[in-house]
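Enquirer: Residues in the sequence shown are numbered from 138 upward in steps of one, following my numbering.
We treat Cβ as the ideally placed atom computed from N, Cα and C, and that holds for glycine.
As the structure is a prediction and not an experimental result, all values here were calculated from the model.
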Amino acid sequence: MTSGTRLLLIGPPGAGKGTQASRLASAFGVPTISTGDIFRANVANETQLGLKVKAILDAGEYVPDDITNAIVADRLREPDASAGFLLDGYPRTPEQVAELDRVLAEEHNGLDAVVQLDANTDEVVSRLVKRAEEQGRADDTDEVIRHRLSLYEQQTAPLIEHFAQRGLLVRVDGLGAVDEVTERILSALAEFGVAASR
Ligand code: ADP
Numbered sequence: 138m139t140s141g142t143r144l145l146l147i148g149p150p151g152a153g154k155g156t157q158a159s160r161l162a163s164a165f166g167v168p169t170i171s172t173g174d175i176f177r178a179n180v181a182n183e184t185q186l187g188l189k190v191k192a193i194l195d196a197g198e199y200v201p202d203d204i205t206n207a208i209v210a211d212r213l214r215e216p217d218a219s220a221g222f223l224l225d226g227y228p229r230t231p232e233q234v235a236e237l238d239r240v241l242a243e244e245h246n247g248l249d250a251v252v253q254l255d256a257n258t259d260e261v262v263s264r265l266v267k268r269a270e271e272q273g274r275a276d277d278t279d280e281v282i283r284h285r286l287s288l289y290e291q292q293t294a295p296l297i298e299h300f301a302q303r304g305l306l307v308r309v310d311g312l313g314a315v316d317e318v319t320e321r322i323l324s325a326l327a328e329f330g331v332a333a334s335r
């Protein structure tokens with residue numbers, strides 16, 4: 138199976154990944170798989186997983202790789218993901234990259250592109266502070282925001298170079314109106330040779 142488009146969206150907290158992810162997924166006709174959304178839904182429903190990860194999310198820490206990897210591997214094996222997917226917020230560590238490659242190799246599949254959504258720190262902090270006021274997400278407090286950003290810089294930003302070396306990276310500026318950024322991503326992907334179906 139090699140049909141469908143397999144995309145990753147990577148960028149700092151507050152870069153607008155969630156918003157762009159659902160727009161891109163519908164443009165490509167693939168499901169969005171957002172690990173943050175999966176964890177938050179489990180916390181809200183007080184599932185066994187949710188009870189296990191609630192304190193981790195509240196503190197802005199990364200959920201341990203074994204838990205995160207198992208969830209994504211299961212999700213990728215669901216039928217709808219066989220025709221492609223857009224992963225939002227995964228992988229965030231080298232171990233997650235290795236696991237994703239392993240799961241895709243099982244199906245003889247690989248990634249088509251990795252979209253890096255760029256945003257400077259001042260901009261993302263002010264977006265997150267605003268979102269905290271609007272949505273009251275438990276991990277959008279000043280201190281936790283700073284911690285999430287520093288984890289991103291230490292653990293996730295280095296993966297960008299890894300994907301660049303694999304020739305998969307498409308870098309897009311996340312600054313601007315939502316529609317504008319979506320168009321920017323779609324044209325950057327098209328230029329890269331990955332065209333949306335609708
Ligand atoms: P943000 O990009 O603003 O951090 P997300 O919704 O992507 O928001 O993630 C929220 C939280 O979910 C993270 O702070 C972390 O606790 C957990 N999480 C999400 N994805 C991962 C992942 N790939 N590995 C570990 N933890 C994750």
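Buried or exposed for L188, going by 16 or more other Cβ atoms inside 10 Å?
Expert: Here residue 188 is taken as the residue at index 51 of the sequence shown, counted from 1. Burial call: exposed.
Enquirer: Does the segment 157-165 come close enough to the segment 213-229 that 3 or more CB-CB pairs lie under 8 Å?
Expert: Yes, they touch.
Enquirer: Assuming D277 contacts L265 (C-beta within less than 8 Å), just tell me the rounded distance between them.
Expert: Here residue 277 corresponds to residue number 140 of the sequence shown, with the count starting at 1. Here residue 265 corresponds to residue number 128 of the sequence shown, with the count starting at 1. That belief holds up - the Cβ atoms of D277 and L265 are roughly 5 Å apart, short of 8 Å.
Enquirer: For D249, count the other beta carbons within 10 Å of its own beta carbon; 16 or more makes it buried, fewer makes it exposed. Which is it?
Expert: Here residue 249 refers to the residue found at position 112 of the sequence shown. D249 should be labelled buried.
Enquirer: Mind checking A218: buried by the 16 CB within 10 Å criterion, or exposed?
Expert: Numbered from 1 along the sequence shown, position 81 holds the residue referred to as residue 218. Result: buried.
Enquirer: E148: buried (16+ other C-beta within 10 angstroms of its C-beta) or exposed?
Expert: Sequence index remark: in the sequence shown, residue 148 carries index 11 (1-based). Checking the sequence, you will find Gly at residue 148 rather than Glu. With 16 or more other Cβ atoms within 10 Å, it is buried.
Enquirer: Taking one C-beta from the segment 279-290 and one from the segment 192-202 each time, how about it: are there three or more such pairs within less than 8 Å?
Expert: Output reads yes: the segment 192-202 touches the segment 279-290.
Enquirer: Look at R239 and Q292 and say whether their C-beta atoms are less than 8 Å apart.
Expert: As a position in the sequence shown, residue 239 is number 102, starting the count at 1. As a position in the sequence shown, residue 292 is number 155, starting the count at 1. Cβ atoms of R239 and Q292: not closer than 8 Å.
Enquirer: Might you give, ordered along the chain, the residues of its own chain that have their beta carbon closer than 7 Å to the beta carbon of R308, omitting 5 neighbours on each side?
Expert: By one-based count along the sequence shown, residue 308 stands at place 171. The answer, listed in chain order, is Q253, D255.
Enquirer: So, N179 versus V190, is the Cβ gap smaller than 8 Å?
Expert: What you label residue 179 is simply residue 42 of the sequence shown in a count that begins at 1. What you label residue 190 is simply residue 53 of the sequence shown in a count that begins at 1. Closer than 8 Å, so yes.
Enquirer: Give the C-beta separation of G226 and G173 to the nearest angstrom, bearing in mind that I take them to be a contact with Cβ-Cβ under 8 Å.
Expert: As a first step, residue 226 is located in the sequence shown; it is residue number 89 there, counting from the start. As a first step, residue 173 is located in the sequence shown; it is residue number 36 there, counting from the start. Contact holds; Cβ gap of about 5 Å.
Enquirer: Helix, strand or coil for V180, going by three-state DSSP, please let me know.
Expert: Counting from one through the sequence shown, the residue named residue 180 turns up at place 43. In the structure shown, V180 sits in a helix (DSSP, three-state: H, G or I).
Enquirer: Less than 8 Å between the CB atoms is what I'm expecting for V262 and G151, so what's the real figure, rounded?
Expert: In the sequence shown, counting from the first residue as 1, residue 262 sits at position 125. In the sequence shown, counting from the first residue as 1, residue 151 sits at position 14. Indeed, because the Cβ distance is near 7 Å, the residues count as touching under 8 Å.
Enquirer: Please go through the same chain and pick out, in chain order, the residues whose beta-carbon is closer than 8 Å to the beta-carbon of R285, but skip the five residues on each side of it.
Expert: Your numbering for residue 285 matches position 148 in the sequence shown. Here the set comprises P150, G197, D276.
Enquirer: For G141, which residues from the same chain have a beta carbon less than 7 Å from its beta carbon, with the 5 sequence-adjacent residues on both sides left out?
Expert: In the sequence shown, the residue the question calls residue 141 occupies position 4. These residues qualify, in order along the chain: V167, A220, G221.
Enquirer: Buried or exposed: where does T184 fall if 16 or more other Cβ atoms within 10 Å of its Cβ makes it buried?
Expert: As a working mapping, residue 184 is identified with position 47 in the sequence shown. By the 10 Å Cβ count, T184 comes out exposed.
Enquirer: According to the Cβ coordinates, are F300 and V251 closer than 8 Å?
Expert: As a working mapping, residue 300 is identified with position 163 in the sequence shown. As a working mapping, residue 251 is identified with position 114 in the sequence shown. Yes. Within cutoff.
Enquirer: Is R264 near the ligand ADP - that is, is its Cβ less than 7 Å away from at least one heavy atom of it?
Expert: As a working mapping, residue 264 is identified with position 127 in the sequence shown. No, the Cβ of R264 stays beyond 7 Å of every heavy atom of the ligand ADP.
Enquirer: Please report the distance separating the alpha-carbon of R143 from that of N257.
Expert: Taking the sequence shown and counting its residues from 1, the one referred to as residue 143 is at position 6. Taking the sequence shown and counting its residues from 1, the one referred to as residue 257 is at position 120. The straight-line gap from Cα to Cα measures roughly 26 Å.
Enquirer: Please state whether DSSP places S140 in a helix, a strand or coil.
Expert: Along the sequence shown, one-based indexing puts residue 140 at 3. S140 falls in the coil class under three-state DSSP.
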